Amino acid sequence: CTVKLNEEANGGDSMDVENLNTKDNKLRYNIEECAHLKGHAARLCSVAFHPTGKFVATTSFDHTWRLWDVETSSMAEGKELLLQDGHAREVYGVGFHPDGSLVATTDFGGVVQCWDLRTGKSACHFLGHAKRVICSEFSPNGFQLATAGDDGTIKIWDLRRRRPSASIPAHTNLITQLKFAHSSSSQNGEFLTSSSFDGTGKVWSTRDWKLLTSLQGHEGKVMGIDVLDGPSCGVVTCGFDKTLKLWQ
Numbered sequence: 317c318t319v320k321l322n323e324e325a326n327g328g329d330s331m332d333v334e335n336l337n338t339k340d341n342k343l344r345y346n347i348e349e350c351a352h353l354k355g356h357a358a359r360l361c362s363v364a365f366h367p368t369g370k371f372v373a374t375t376s377f378d379h380t381w382r383l384w385d386v387e388t389s390s391m392a393e394g395k396e397l398l399l400q401d402g403h404a405r406e407v408y409g410v411g412f413h414p415d416g417s418l419v420a421t422t423d424f425g426g427v428v429q430c431w432d433l434r435t436g437k438s439a440c441h442f443l444g445h446a447k448r449v450i451c452s453e454f455s456p457n458g459f460q461l462a463t464a465g466d467d468g469t470i471k472i473w474d475l476r477r478r479r480p481s482a483s484i485p486a487h488t489n490l491i492t493q494l495k496f497a498h499s500s501s502s503q504n505g506e507f508l509t510s511s512s513f514d515g516t517g518k519v520w521s522t523r524d525w526k527l528l529t530s531l532q533g534h535e536g537k538v539m540g541i542d543v544l545d546g547p548s549c550g551v552v553t554c555g556f557d558k559t560l561k562l563w564q
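Positions 317 to 564 (the numbering used here) are the ones given, in order, by the sequence shown.
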């Protein structure tokens, strides 16, 4: 979508950016759909942007994942670059390698697939989860892949050796999201965060995969988690209790 400032809300006059919080200056935006990506035959599950921002990947209950060209797509037609039906079950999680060469997808059969975007073919796959795999996240250095899902465990896969390097009994319920500390942050990828239906968010050291801290405060399922850049390097979570919490 494109987001445009609605100048009519301010009488068409220019706005003083330094005084946006005053009562007289209120920002209003118009959000317009700029492209319509249509092709999946069943419910969509996850969306991820390529590191370049030019492409987007989608996963679906139709057992496929697709790669779309964002720049050339339009309202009339979405430009599909790749349709991959290599999963036998519903495809849910998706994540791009930091250099954009690989994409990882996960499915309800417990399978994790890594695809080479240069060829569109599977580069490797990983088995080890006992139940559905919901999320996948590449480490900032690109050497590891973290996956998690219904079995409450986080698995770390060594991409160079193509084998598991760690299995963390992280949560007592389904894990909804994984996020590494950004490579651009002060922590430089030194921890991994996870959120879960068990009502907690957790922070793990990427050096030994031990628990650093447990974030408890939500009343119910924690649906998402992410890491904020900056000196304080905070963590943000959101949950079924209709709250968004910032942790430092």
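Quick reminder that beta carbons are idealized off the backbone N, C-alpha and C, glycines included.
This one's a predicted model, so the numbers in the text were calculated from it and none came from an experiment.
Cα-Cα separation, residue i to residue j
| i | j | result |
| --- | --- | --- |
| L562 | G355 | 37 angstroms |
| T469 | Q493 | 12 angstroms |
| I541 | V449 | 17 angstroms |
| G533 | T559 | 10 angstroms |
| A482 | G425 | 20 angstroms |
| D545 | T380 | 33 angstroms |
| H352 | Q429 | 27 angstroms |
| N457 | E535 | 35 angstroms |
| F377 | H403 | 10 angstroms |
| S389 | L397 | 11 angstroms |
| C554 | K395 | 33 angstroms |
| M391 | T435 | 28 angstroms |
| A373 | E453 | 14 angstroms |
| G369 | W520 | 28 angstroms |
| K518 | F556 | 17 angstroms |
| E393 | C350 | 11 angstroms |
| T421 | T375 | 8 angstroms |
| N346 | V386 | 20 angstroms |
| T338 | V552 | Note that T338 has pLDDT 46, beneath the 50 cutoff, so the model's placement of it is unreliable and no number is given. |
| I491 | P480 | 19 angstroms |
| H445 | S362 | 19 angstroms |
Which residues DSSP lists as bridging residue i, in chain order
| i | result |
| --- | --- |
| C430 | A420, C440 |
| D542 | V552 |
| K574 | This structure leaves residue 574 out entirely; the chain is present only between 317 and 564. |
| L490 | Partner(s): none; L490 has no beta bridge. |
| K495 | T509 |
| E396 | W384 |
| G411 | A420 |
| A373 | A364, L383 |
CB contact flag (residue i, residue j, <8 angstroms)
| i | j | result |
| --- | --- | --- |
| W431 | I472 | no |
| F496 | L528 | no |
| D466 | K447 | yes |
| A364 | V410 | yes |
| L443 | V419 | no |
| F371 | L383 | yes |
| P485 | P414 | no |
| S455 | N489 | no |
| L399 | S417 | no |
| T516 | V538 | yes |
Bounding residues of the beta strand (DSSP E) (the contiguous stretch that carries residue i)
| i | result |
| --- | --- |
| D474 | 469-474 |
| D385 | 381-385 |
| W563 | 560-563 |
| S389 | Unbroken run through S389: none, as it is neither H nor E. |
| G425 | Element bounds for G425: n/a, residue is neither H nor E. |
| P485 | 479-485 |
| D461 | Note that residue 461 is Leu in the sequence shown here, rather than Asp. Looking at the DSSP string, the run of the beta strand (DSSP E) that includes L461 is 460-465. |
| F454 | 449-454 |
| E349 | Taken as a continuous stretch (DSSP letters only), E349 belongs to no beta strand (DSSP E), as it is neither H nor E. |
Close Cβ partners of residue i (< 7 angstroms) along its chain, the five nearest in sequence each way excluded
| i | result |
| --- | --- |
| L475 | F459, Q460, L461 |
| G550 | L544, L562, W563, Q564 |
| C440 | C430, R478 |
| R405 | H379, D423, F424, G425 |
Sequence-distant residues of the same chain with beta carbon closer than 8 angstroms to residue i, five excluded per side
| i | result |
| --- | --- |
| E401 | The identity of residue 401 in the sequence shown is Asp, whereas the question assumes Glu. So the list reads H379, T380, once near-sequence residues are dropped. |
| H505 | Here residue 505 turns out to be Gly, not His, going by the sequence shown. Result list for G505: S455, P456, N457, F496, A497, H498, S499, T522, in chain order. |
| K437 | W431 |
is_contact[residue i, chain B] using C-beta, thresh 8 angstroms
| i | result |
| --- | --- |
| H403 | Protein chains in the displayed structure number just one, and chain B is not present. |
Cβ shell of residue i (< 6 angstroms), same chain only, five flanking positions each side left out
| i | result |
| --- | --- |
| C451 | G409, A464, Q493, L494 |
| H487 | G468, S512, D514 |
| S530 | T516, K518 |
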